[in-house]
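Only one structure is covered here, and it is reproduced in the block below.
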Amino acid sequence: MSDRARYPLVAVRRSAWLLALVGAAACTPPAASSAEGPATTVSIPSAPLATSSGPRSSRGGGLRLVYGVVQAGSAAPAAEVMRHRLARWGVDAEVKPRGDEIVVELRSPLSFEQRQSLSRPGRLEIRRCDDDRDPLAGMSPSTLPDGIALETENVSLGPGQYGTRHFVKVSRDPSEPPTAARQRLEAWLHRTFPGTPMALAGLVDTGGSIVGFRSYLLHAEVDLDNHAVASAEPQEDRTLGGGIALPLVAVRLTDAGRDAFAQLTAAHQHRRLAILVDGLVATAPIVQSTISGGRVQISLGHGASIDDAKALASLLADEPLPATVELQSEELFHD
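The structure is reproduced here in structure tokens:
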């Protein structure tokens with residue numbers, strides 16, 4: 001399975017304001033368009049997403065998946081979220097908490113990608129970039145581990161104000177999975193800057209392969225999350241012409257979410273705003289004007305399918321998983 005198939009691409013925008021993605025060819029996040037003008041979209045990876053609900057099978061048996069819940073006491077609420085996800089996909093399944101485990105008994109087909117999405121957190125966050133600080137400024141490139149590089153970028157610090165800020169980037173070895181490169185950089189950041197809120201964005205080449213990750217310094221506070229989402233629906237974007245249809249998720253914010261987003265963008269103009277999906281920065285555009293419409297689109301980009309959009313919509317429309325769950329075992333069962 002290719003990187004593109006396993007890690008669909010994510011961009012975030014509203015109808016008149018495209019939040020362009022950070023890509024391998026650009027170190028500085030592009031600015032969002034102010035009103036009607038389009039912006040350039042560059043691809044970055046997200047986590048696996050897909051869905052295909054097969055026909056419901058007759059009773060008699062199926063596949064049993066047992067998940068361990070990392071946080072004690074969180075099995076019941078996590079099981080409820082997983083139950084909602086399976087129901088949205090049309091999968092015939094029973095989900096039962098058992099101590100600090102969750103038992104999922106499947107009686108209709110579930111793809112590998114769906115299984116990945118089932119245990120995915122599904123967490124949406126909107127947070128401000130903390131460009132007033134630069135904790136990496138004192139680092140010497142010679143002290144960095146192999147594969148990790150120190151780079152600089154120019155950032156907007158307010159109307160008419162700009163500054164140079166540092167970030168670190170890890171290059172992925174072609175022989176390692178993307179998660180290994182991400183974990184290497186995260187581990188180094190946690191050791192070197194404990195307690196400092198940083199997040200990573202994936203970098204891809206022109207062919208869609210994941211080539212590394214870069215860091216962002218963020219404010220600790222989450223300004224908006226899944227609770228601001230009123231609805232999320234899969235759609236297709238045909239505005240590119242040439243018969244190209246890109247899958248997307250149309251998100252409508254709640255009244256409270258719309259008002260909070262408008263206040264946030266009004267107070268944070270000419271500064272970067274990070275949008276994260278499951279802890280990865282999907283985009284960090286410069287806010288050019290107040291955004292008050294309460295509608296956001298998440299475009300999955302080339303290589304993704306409408307099934308990917310359906311799966312992402314189902315994740316964002318529900319509560320995120322309240323705990324980390326890990327697959328422990330799987331076996332066939334018979335009634």
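Sequential numbering of the sequence shown, starting at 1, is according to our numbering.
Heads up, the beta-carbon is just placed ideally off N, CA and C, and yes, glycines get one too.
For residue i, the residue or residues it bridges with in DSSP
i, result
"residue 105", "64, 94"
"residue 200", "215, 280"
"residue 169", "149, 214"
"residue 306", "Beta-bridge pairing links residue 306 to no other residue."
"residue 126", "224, 275"
"residue 326", "68"
"residue 334", "61"
"residue 156", "162"
"residue 296", "251"
Neighbourhood of residue i by C-beta distance below 6 Å, restricted to the same chain and skipping five residues each side
i, result
"residue 315", "122"
"residue 149", "169"
"residue 197", "218, 220"
Buried versus exposed call for residue i [16 or more other C-beta atoms within 10 Å across all chains shown]
i, result
"residue 318", "buried"
"residue 70", "exposed"
"residue 162", "exposed"
"residue 114", "buried"
"residue 8", "For residue 8, the pLDDT reaches just 37, beneath the cut-off of 50, and the residue's location in the model is therefore unreliable, although a value from the coordinates is still provided. So residue 8 counts as buried."
"residue 283", "buried"
"residue 99", "exposed"
"residue 86", "buried"
"residue 112", "exposed"
"residue 332", "exposed"
Which listed residue (the options) has its alpha carbon closest to that of residue i
i, options, result
"residue 254", "232, 308, 160, 270", "232"
"residue 159", "272, 313, 116", "272"
"residue 97", "78, 184, 108, 190", "78"
"residue 287", "91, 211, 214, 126", "126"
"residue 285", "216, 324, 312", "216"
"residue 230", "173, 295, 171", "295"
"residue 194", "186, 200, 201", "186"
"residue 156", "73, 333, 132", "132"
"residue 175", "228, 212, 87, 331", "212"
"residue 88", "180, 247, 117", "117"
"residue 179", "291, 63, 264, 279", "279"
"residue 153", "147, 134, 309, 61", "134"
"residue 201", "183, 191, 192", "183"
"residue 119", "80, 61, 239", "80"
Same chain, Cβ closer than 8 Å to residue i, neighbours up to 5 away in sequence not counted
i, result
"residue 141", "149, 150"
Cut-off 7 Å between Cβ atoms - residues of its own chain near residue i, not counting five sequence neighbours on either side
i, result
"residue 329", "66"
"residue 110", "91"
"residue 290", "262, 265, 266"
Length-filtered (4 minimum) alpha helix (DSSP H) runs lying within the region 226-278
255-267
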